[in-house]
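Heads up: the structure comes next, in structure tokens.
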Amino acid sequence: MASTVETDLSRPPDTYVDVRTQELQINMGPQHPSTHGVLRVALWVDGEIVTRAEPDIGYLHRCAEKIGESVTHVQYVPYTDRYDYLAAMNNNLGYCLAVERLAELEIPEKAQYLRVIMSELNRIASHLMSVGTYGIDIGAFTAFFYAFREREEILRLLEWICGARLTYNYIRIGGVMRDAPQGWVEDVQRFLDWFEPRMDEFNQLLTHNHIFVERTSNIGVITVEQAHDYALSGPNLRGSGVRWDLRRDQPYLLYDRFEFDIPVGTGIKGTVGDCWDRYWVRILEIGESARIVRQALAQMPKEGEVMAKGVRHLAFKPKAGEAYTAVENPRGELGYYLISEGGQISYRSRIRAPSFCNLSILEALLPGTMLGDSVAIIGSIDIVLGEVDR
Amino acid sequence: MLTYARNIRDTVMTTLKGMQITLRNLRRPETTVQYPEEQCEIKPGYRGFHTLDQEICILCFQCAKICPVDCIEMAATRVEKKFLSWEQFTVDYNKCLFCDLCVEVCPVDCIHMDRKTGPSQYAVITDDRTTLNIDLLIYRGLSETGVKAVDKLRADKAAAAAKPAPAPAAPPSAPAAPRTTEGA
Amino acid sequence: MTMTLASAGSIESAVAASAAGSGFWLTTLLGLVLLLGFVALWPMFAIWLERKVAADFQSRMGPMYCGGFHGWLQSLADGIKLAMKEDLIPRDSDRFLFWIAPAVAFFGVFAAFIALPIAEGWQIADVDLGLLFILAISSIGTLGIVMAGWSSNNKWSLYGAMREAAQLVSYEIPLSIALLSPLLVVGSLRLGDIVAFQSAADGKSLIYWSGNGWFALYSPWTLLAGVIYYISSLAECKRAPFDLPEAESELVAGFHTEYSGLRFSFFFLEEYAMMFIVSAIGVLVFLGGWQPLPWISIDFAALGFLGKLVCVGVVLFKAVFLVWVQIWLRWTLPRLRIDQVMVTGYKYLTPLSFLALVMTSLCVHCGDRVIPTLF
């Protein structure tokens, strides 16, 4: 007798009044504070649980690969800065290595040391940005400012040596643009000494905070099989326990001369491969990069050429052929595939962007999580839309 | 029960630790630089707006060719086949990447990127994109030394033309007629 | 029953007072005008304080230009800017609800100020059920926020509103139960009585030793109740770590995404006024109200008007201190997810507040303070 609804048996059953719930289709739209760029993730949500997710990209497409077919190799290097704009040195490096392989150029030793130092400094800056903005996604605003205060010092050092803060065009075909000015090496060492205690402080503020751990552990677990299926690389792969790093497994530049560890996720706070593990891998990588920079500064020759002989800007022609080089971007494996017909302009310059492959796992990771968790997961994959859309 | 107590303990202790860190940073001096009253130190080698050393430029067009976005436009006429009468040398800062390739490629080292500030004091905010198409020329036409040299050249030419015609062709053993300075 | 008797009592006294011509309406009107001024000016100060304190924690300066000295007029400039903005109403929104939502939210908090005493006898309405009245009226704000989220015709705002409804309603429980512990000891809901208990006067001298002390120091159970009250009040104000309803990085601005201009400023006023209310309640109930020091109490009644002003200053200072701690917590801690908010509220805070209540009641029964000697 509790039912207050009249059940008229002459009508078919599906017209009874009933509580019906519907899935809500919601756009984590291109304009959203937490999607790290213009990314649209179409979510189908049941209450707070996500049932389906579809990433939608292309909002930042700038025809990068097509531009590679209309400007010369030397002219293309500034364009490469702008894909993963947070780790521009590594982008320059990958492209220059590919062209140099085609042209069979010999790079002077000091230039190689400078390239290593720049790549690692940029890796620290990129990871600081990544963990800082991850803090904002989880709600801790102050950690972001501390990370950026440290990052500001790195940008100041990079501005001193090459004149620009974000898009450097420093690593050029044949070497690097300029030698380090007087006092730069000491300043980098001073920075590293100042910086390492600050990272401990940052860890105490954010990394070990119980609320942060509760928000990120056991969330977005990527298994090793999933990581391999979706072609993940970088901290996303290492967070799941796979010890694969291109600097050690396919060494380029002078990475075989340095001693450094490859941090992997071990599931200390939850499960192996959860968001906290990926975040922790990035924090540890900052320390490892600082180690590499110290060793490189100690080993770098004081005098030396920084640019290979014979690279003429307006007449540079690599040999005909194909080359694929992969470098370890802060986000994963950044690959450049060049097809050259022996002219000044390449026939095809293809970029294998790590964030593009990393992003594809959202489809599999997001269903089943809560809406607050989807923000944490997207943040932990650490994508840069400039790279995804090129 | 144990995890319950551990959760409470972890939350309270990490919260207090975090609060201690923010309190410590409260007492540190700020890192803000109050622009524009204070300025950050900009080291030499900073890639800012361009400056052109007009006297030295030889109009080789190498910087315009190397520019990845074709933002340099220059035009000048050659006077007396040697001197440049400048009309235009604009850099379109709507497009410029500040990549420094034009500086690298210049054979006579006449273009530099070191001007720290732009055309206006603090920022360029405009709807008109032509505001950022900036002419780097300091003077138009010929330079002062150029004017003097051209005048001297023309005076010499005029003087040579006003001279009477040279002597008719001497016998083959005679020395050749003196060469004019024209066409040098 | 008690409510009608109390209100009948106060109306009687009001009628009697006006009949006797003792200026009841005049003082009430003066009080209301002062209150309106305070509620308009306090958010301006609080927003400036928040921006400066947040900046100091983050190694930067906050507002510096507006008004010269550390940008103290910045909030006024922002308020004028908000008032001059275009009044945007989304096309398919529920216009009536959209229109009254900020008003309802603000009203709930504004009305709570009426029963708040800032010195002995200095309140607009001396309600015998002061504490209950304040708690009940400030819950009306919840309704305004749910209306705002629903009427915006924006799915993200709806999320903010639903989360907010769940959170605010859930945290009323530990809030109220935590406040019951000192109430049991005092035996009265009237806020003036609670403060008087913490500084039990012997009527003989100006400065005297009060054995009771502040409730935060009275017994470990009331201290526990105080901590639970403070944490629950953070959730009531939608401040971090419970700031899901307006979670800036998830929901852009939560329930007030679609609001702009003066309507938005009402929500802002509501948030900061709520911060003051809960801090003021915390001060009056747990931190001794207008007594500057814990056990050494001053008989302010003997000091006249000047004494009352000192009382006001003390209460404001302590309330601003609690607001400062709220700001400190906001800029230190990350945000809890909604199910974690519910877990914290129901599984951690509520049982602990019940524990505090039970232990306090046993202590009161046995006449002890810390450990009840039942046998």
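Residue numbers (the numbering used here), protein chains in the order written: chain A, 742 to 1131; chain B, 170 to 353; chain C, 8 to 382. Just so it is clear, CB atoms sit at the ideal spot from N, CA and C, and this is done for glycine as well. The structure displayed is predicted, hence computed values, not measured ones.
With contacts defined as CB atoms closer than 8 Å, methionine 1048 (chain A) and alanine 852 (chain A) qualify as a contacting pair.
For asparagine 194 (chain B), the nearest CB of chain C lies under 8 Å from its own CB, placing it at the interface with that chain. DSSP places proline 819 (chain A) inside the alpha helix (DSSP H), whose first and last residues are 814-821.
Relative to the Cα of glycine 86 (chain C), the nearest Cα in the group C:Arg98, C:Phe328, C:Arg376, C:Phe273 belongs to C:Phe273.
Distance from aspartate 269 (chain B) to histidine 951 (chain A) at the Cβ level is roughly 48 Å; contact not present, criterion being Cβ atoms closer than 8 Å.
Approximately 16 Å separates the beta-carbon atoms of leucine 1107 (chain A) and serine 1096 (chain A); this is outside 8 Å, ruling out the contact. By the rule that beta-carbons nearer than 8 Å mark a contact, threonine 184 (chain B) touches chain C. Only residues of its own chain outside the window of five on either side were considered, and among them Leu138, Tyr236, Val292 have a CB closer than 7 Å to the CB of leucine 186 (chain C), listed in chain order.
DSSP, read as helix, strand or coil, puts proline 358 (chain C) in helix. For aspartate 250 (chain C), no Cβ of chain B is located within less than 8 Å of the residue's own Cβ.
Interface flag for leucine 765 (chain A) against chain C is set, since a Cβ pair is found closer than 8 Å. Between the alpha carbons of glutamate 265 (chain C) and glycine 880 (chain A) lies a distance of about 21 Å. Taking 8 Å as the cut-off, the Cβ atoms of aspartate 825 (chain A) and tyrosine 909 (chain A) do not count as close.
Boundaries cannot be given for glutamate 224 (chain B), as no beta strand (DSSP E) includes it and DSSP labels it neither H nor E.
Taking 8 Å as the threshold, the shortest C-beta distance from leucine 301 (chain B) to chain A does not fall below it. Contacts with chain B at 8 Å (Cβ-Cβ) include valine 812 (chain A). At a cut-off of 3 residues, the continuous stretches assigned as beta strand (DSSP E) that sit fully inside the region 787-856 of chain A are 790-797. Among the residues facing chain B, threonine 339 (chain C) is included, as its CB has a counterpart in that chain under 8 Å away. In this structure, C:Leu231 is the residue among C:His77, C:Leu231, C:Leu313 with its C-alpha nearest to the C-alpha of leucine 182 (chain C). According to DSSP, glutamate 242 (chain B) shares a beta bridge with B:Thr259.
Your pair isoleucine 141 (chain C) and leucine 123 (chain C) checks out as a contact, with CB atoms roughly 7 Å apart and the cut at 8 Å. When C-alpha distances from leucine 862 (chain A) are compared across A:Ala844, A:Gln763, A:Arg892, A:Ile848, the shortest belongs to A:Arg892.
Taking 8 Å as the upper bound on Cβ-Cβ separation, chain B lies near residues Thr883, Tyr887, Arg890 of the region 867-890 of chain A.
Sequence-distant partners of valine 134 (chain C) (beyond 5 residues in either direction) whose C-beta falls short of 6 Å from its own C-beta, in its chain, are Ala122, Phe140.
Tryptophan 49 (chain C) is positioned such that its CB atom lies no closer than 8 Å to that of phenylalanine 271 (chain C).
Residues of the region 930-957 of chain A with a C-beta atom less than 7 Å from some C-beta of chain C are Asn950, Ile952, Phe953, Glu955, Arg956, listed in chain order. Scanning the region 885-954 of chain A for uninterrupted alpha helix (DSSP H) segments of 4 residues or longer gives 925-943, listed from N- to C-terminal end. Scanning its chain for C-beta atoms nearer than 7 Å, with the 5 sequence neighbours on each side dropped, one finds around tryptophan 129 (chain C) the residues Lys315, in chain order.
Ranking C:Val348, C:Leu37, C:Ala84 by CA distance to the CA of glycine 268 (chain C) puts C:Ala84 first.
When 7 Å is used as the limit between beta carbons, tryptophan 335 (chain C) is near these residues of chain B: Met188, Thr191, in chain order.
Non-local C-beta neighbours of tryptophan 925 (chain A) in its own chain, meaning closer than 8 Å and more than five positions away in sequence, comprise Leu898, Trp901, Ile902, ordered along the chain. For leucine 1079 (chain A), the enclosing beta strand (DSSP E) stretches over residues 1073-1081.
Isoleucine 307 (chain B) is classed as exposed because its beta carbon has fewer than 16 other beta carbons within 10 Å across all chains shown. For alanine 207 (chain C), same chain residues with a beta-carbon under 6 Å away, outside a window of 5 residues either side, are Ser217, Asn219 in chain order. For arginine 1089 (chain A), the enclosing beta strand (DSSP E) covers residues 1089-1093. With contacts defined by Cβ atoms closer than 8 Å, valine 260 (chain B) and leucine 322 (chain B) do not form a contacting pair.
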